[in-house]
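Only one structure is covered here, and it is reproduced in the block below.
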Amino acid sequence: MLRILLHLMAGLLLLSGPGAFAQRIVERNYQHYFAEYGLQGSFLVLEAGTGQYTAYNLARCRQGFLPASTFKIPNTLLGLETGAVTDTVEIFRWDGKKRSFPQWNEDMTFARALRVSCVPCYQEVARRIGAARYQQWLPKLRFGQMRVTPATVDSFWLVGSSRITQFEQIDFLQRLQRGQLPIAKRNQELTKALLVLGRGPDWMLRGKTGWAMRQQYDNGWFVGWVEQAGKTYFFALNVEPADGQPATAKFVQGRRALTEQILRQEFGLLGSPGKK
């Protein structure tokens, strides 16, 4: 009897702990926001204080995609933690090769490399970290399912079999926001400072976009969180062009624009009243 009671008590503790919030999901239809930018995809928000998720296209929120440049968040943490990068002002020298994103064609600090999402800079960071250290560190970070080998060390987040879901993105961001990753507090704080995208009198937006570009296929991310009036909301957007055609400016701009529209109009964030 005592054993049965202990099992029941353990079950109640599990239901009342942080994981209990995982099943609190409300589904909403945000299709008209996506249609405005010619996009299709899914959107997930977690209100940290209540543990309630709001999802559009819930099944897709549970589907894994290449992380693309959202991996620059853990890559920044690991670059600093392993000493592959000395600090956020370290200069990355342009190799002289002209690329289609002109903002990459210059010398820049590590901080700017994150802000302009400089793939060549972060590929250099990845080579410095090396496959062995990734294999050691990535399971500790629990950032989706990353597959890295010596041959793919500077591309595994852009191509291949690495995957992360929107739920996993938000789980990782929660631990970063709370300073609960197995990374030095200083390096977590430095990384969080680099993610600031906007602020107002009582709110702050942090986030990172991503764009996986493969043959005739584009997949985009915008992930992050909003701190407003003592509350924190985490979000993860994943999108593709609705017509299946190559990405246009609407795709590039729409990732962040439609996310901010939903956060403002549906949740009253970013300084605007909402519908809730």
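Residue numbers -22 to -1, 1 to 254, in mature numbering (1 follows the signal peptide of the UniProt record, and there is no 0), belong to the letters of the sequence shown in order.
Ideal Cβ positions, reconstructed from N, Cα and C, are used throughout, including at glycine.
As the structure is a computational prediction, the values presented were derived from the model and not from experiment.
Spell out the partners DSSP gives L119 in its beta bridges.
For the purposes of this step, residue 119 is taken as residue 141 along the sequence shown, with counting starting at 1. DSSP, once it has assigned bridges, lists no residue as partnering L119.
Taking only the alpha-carbon atoms, compute the straight-line gap between V67 and F49 and give it to the nearest angstrom.
Within the sequence shown, the letter at position 89 stands for residue 67. Within the sequence shown, the letter at position 71 stands for residue 49. C-alpha separation (whole angstroms): 20 angstroms.
Whose CA, out of T32, T143, T28, R234, lies closest to the CA of Y8?
For the purposes of this step, residue 8 is taken as residue 30 along the sequence shown, with counting starting at 1. The shortest Cα separation from Y8 among T32, T143, T28, R234 belongs to T32.
Under 8 angstroms between the Cβ atoms of A46 and W181?
As a working note, residue 46 is residue 68 in the sequence shown. As a working note, residue 181 is residue 203 in the sequence shown. No. Outside cutoff.
Can you find the residues in the same chain that come closer than 7 angstroms, C-beta to C-beta, to W72, ignoring five residues on each side of it along the sequence?
The residue you call residue 72 lines up with position 94 of the sequence shown. Here the set comprises N83, E84, D85.
Within 10 angstroms of its Cβ, does T187 collect 16 or more other Cβ (buried), or is it exposed?
One-based indexing of the sequence shown puts residue 187 at position 209. It counts as buried.
Name the two residues that bound the continuous alpha helix (DSSP H) containing L241.
Within the sequence shown, the letter at position 263 stands for residue 241. L241 -> alpha helix (DSSP H) spans 227 to 245.
Using C-beta distances below 8 angstroms, list every residue in its chain close to P179, excluding the 5 sequence neighbours before and after it, in chain order.
Within the sequence shown, residue 179 is the residue found at index 201, counting from 1. If we look at P179 and ignore the five residues flanking it on each side, its Cβ neighbours are G249.
Enumerate in chain order the residues of its own chain whose CB-to-CB distance from S139 is below 6 angstroms, with the five nearest sequence positions on each side excluded.
Here residue 139 is taken as the residue at index 161 of the sequence shown, counted from 1. Same-chain partners within the cutoff: R125.
Spatial neighbours of L136 within its chain, please: C-beta separation below 7 angstroms, excluding the five flanking residues on both sides.
What you label residue 136 is simply residue 158 of the sequence shown in a count that begins at 1. Counting only Cβ-Cβ distances below 7 angstroms, and skipping sequence neighbours, we find L44, A46, A190.
Determine whether the beta carbon atoms of W203 and L215 lie at a separation below 8 angstroms.
What you label residue 203 is simply residue 225 of the sequence shown in a count that begins at 1. What you label residue 215 is simply residue 237 of the sequence shown in a count that begins at 1. Taking 8 angstroms as the Cβ cut-off, W203 and L215 do not qualify as a contacting pair.
DSSP has residue 272 in a bridge; who is on the other side?
Outside the modelled stretch of the chain, which goes from -22 to 254, sits residue 272, for which no answer is possible.
Go through its chain and collect everything with a Cβ distance to K253's Cβ below 8 angstroms, but skip five positions before and after it.
Your numbering for residue 253 matches position 275 in the sequence shown. Its pLDDT being 48, under 50, K253 is placed unreliably by the model, and the measurement read from it follows with that caveat. Closer than 8 angstroms at the Cβ level, and outside the excluded window around K253, lie Q243, E244, G246.
Tell me where the beta strand (DSSP E) around T169 begins and ends.
Along the sequence shown, one-based indexing puts residue 169 at 191. Careful: T169 lies outside any beta strand (DSSP E), inside the alpha helix (DSSP H) at 163 to 172.
Tell me the DSSP secondary structure of L(-21) in three-state form.
Within the sequence shown, numbered from 1, the residue matching residue -21 stands at position 2. Reliability fails at L(-21), whose pLDDT of 42 lies under 50, so the model's placement of it is uncertain and the value that follows must be treated cautiously. The answer is helix: DSSP assigns L(-21) an H, G or I state.
What whole-angstrom Cβ distance do I107 and A171 have, given they're in contact under 8 angstroms?
Mapped onto the sequence shown, residue 107 falls at position 129. Mapped onto the sequence shown, residue 171 falls at position 193. With 8 angstroms as the limit, I107 and A171 do not qualify as a contact, their Cβ atoms being about 21 angstroms apart.
Between the Cα of G29 and those of Q166, Q158, I148, spot the shortest distance and give me the residue it belongs to.
Taking the sequence shown and counting its residues from 1, the one referred to as residue 29 is at position 51. Comparing Cα-Cα distances from G29 to each of Q166, Q158, I148, the minimum goes to I148.
Give the secondary structure of A37 by DSSP, where H, G and I count as helix, E and B as strand, and everything else as coil.
By one-based count along the sequence shown, residue 37 stands at place 59. Helix, per DSSP.
Name the DSSP beta bridge partners of I51, please?
As a working mapping, residue 51 is identified with position 73 in the sequence shown. In the DSSP output, where bridge partners are listed per residue, I51 has none listed.
In angstroms, rounded to a whole number, what distance separates the CA positions of P160 and G42?
The residue you call residue 160 lines up with position 182 of the sequence shown. The residue you call residue 42 lines up with position 64 of the sequence shown. About 24 angstroms.
Based on Cα-Cα distance, which residue from Q155, R177, G176 lies nearest to L168?
The sequence position of residue 168 within the sequence shown is 190, counting from 1. Out of Q155, R177, G176, Q155 has the C-alpha closest to the C-alpha of L168.
Ignore the nearest five residues each way along the sequence and tell me which others in R111's own chain have a CB closer than 7 angstroms to its CB.
Taking the sequence shown and counting its residues from 1, one reaches residue 111 at position 133. Cβ neighbours of R111 beyond the five flanking positions: T60.
In or out: I142 buried (at least 16 other Cβ within 10 Å) or exposed?
Taking the sequence shown and counting its residues from 1, the one referred to as residue 142 is at position 164. Answer is buried; the Cβ neighbour count reaches 16.
Just verifying my parser: in three-state terms, what is the DSSP assignment at T60?
Along the sequence shown, one-based indexing puts residue 60 at 82. In the structure shown, T60 sits in a helix (DSSP, three-state: H, G or I).
With a Cβ-Cβ cutoff of 8 angstroms, do Q158 and A26 count as a contact?
Within the sequence shown, the letter at position 180 stands for residue 158. Within the sequence shown, the letter at position 48 stands for residue 26. Result no, Cβ atoms of Q158 and A26 do not sit closer than 8 angstroms.
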